[in-house]
Amino acid sequence: MRAKSVGVTAAIVVLLAACGGGQDERIGVSDEGAILQIVSEGGFMPVEFALANSPRYTLLGDGRLIYQGVTTLEYPGRLIPPYMVATLNDNQMNAIMAMVDDIGLPDIDDEVDDEAMNMVADATTEVVTFWDENGTHRLAVYALGLEESPSARNEAFLELIQTFDQFTAETQSEPYVADQVRVIAGPGAVDPEFEDVRPWPLTDTDFSDWETLPNGWHCQVVEGTVPDVFESATQATTWDHPDGSSEPLLLLVRPLLPGEPDCPA
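For the sequence shown, counting from 1, position 19 maps to 20 in this note's numbering; every step adds exactly one.
Next comes the structure, spelled out in structure tokens:
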């Protein structure tokens, strides 16, 4: 892995040098909306973790890079993990766009590489989505970075992720404030060690206008920033059912990021 990191760093230096000084214009991107998003999907996890999953990186055309901040492994953790936003400079943006070309994303419609399934069990699938003037381009790779003989394309995809890791470590960031919040409600059980049952927090008490998800879950998008009532909640917090008689509900709450659908598929 150390040798790989050195190679990635060298590749970034070459790309930045090729881009010239900090005054270079960004290459081939729009200033409006998400242009690139990376999500880790699947793997062995409880359904509530899968539903609460969020993009690893979301890059906007104006150079803003949204990512999940540092969290601890303690339980119960915060209900809403921190989301951060950094602004990439023109050289960093050009380096990313060069890697997009190395992967071949502009020529991909929707492709899945699951060749590693015969060798690796219960791994995640890394999904990168790229938007340009020709539409949406999506590549999903199972067990990325764990393959015995990765293709050049998959190596370029892994380098893209590691480059984002490096850029977020080096670039000043601040808390990300979204203008929409995704709320998912579903069956919850009170944890006797961390009992925390609270009153229903939303004005909407009728699930008939929520999107129905499998296994008794429902989803809705709320306009505005994350309501203060959720800031002190934890992963163990449950909420009184709005009908006043049913079992408490578990709520999965987080900012809705650009490029995402309102509710998970």
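Note that the Cβ used here is the ideal one computed from N, Cα and C, for glycine as well.
Bear in mind that the values here come from a model prediction, so they are computed numbers and not experimental data.
- Cβ contact annotation for L257 (same chain, cutoff 8 Å, sequence separation greater than five): A179, Q181, V182, R183, V222, D263, in chain order.
- A contact is defined here as three or more CB-CB pairs under 8 Å, and the stretch 130-148 meets this definition with respect to the stretch 105-118.
- According to the DSSP assignment, A53 belongs to the alpha helix (DSSP H) that extends over 48-53.
- Judged by DSSP secondary structure, R154 falls within the alpha helix (DSSP H) whose first and last residues are 153-171.
- In the three-state scheme derived from DSSP, where H, G and I count as helix and E and B as strand, F131 is classed as strand.
- Put simply, of D166, E42, A237 the residue whose alpha carbon is nearest the alpha carbon of P188 is A237.
- Counting other Cβ atoms within 10 Å of its Cβ, F158 reaches 16 or more and is therefore classed as buried.
- About 11 Å separates the beta carbon of D241 from that of V191, a gap too long to meet the 8 Å contact definition.
- Here F50 is actually not in contact with D123; their C-beta atoms are around 13 Å apart, not less than 8 Å.
- Excluding its 5 nearest sequence neighbours in each direction, T125 has C-beta neighbours in its own chain below 6 Å: S41, G43, G44, listed in chain order.
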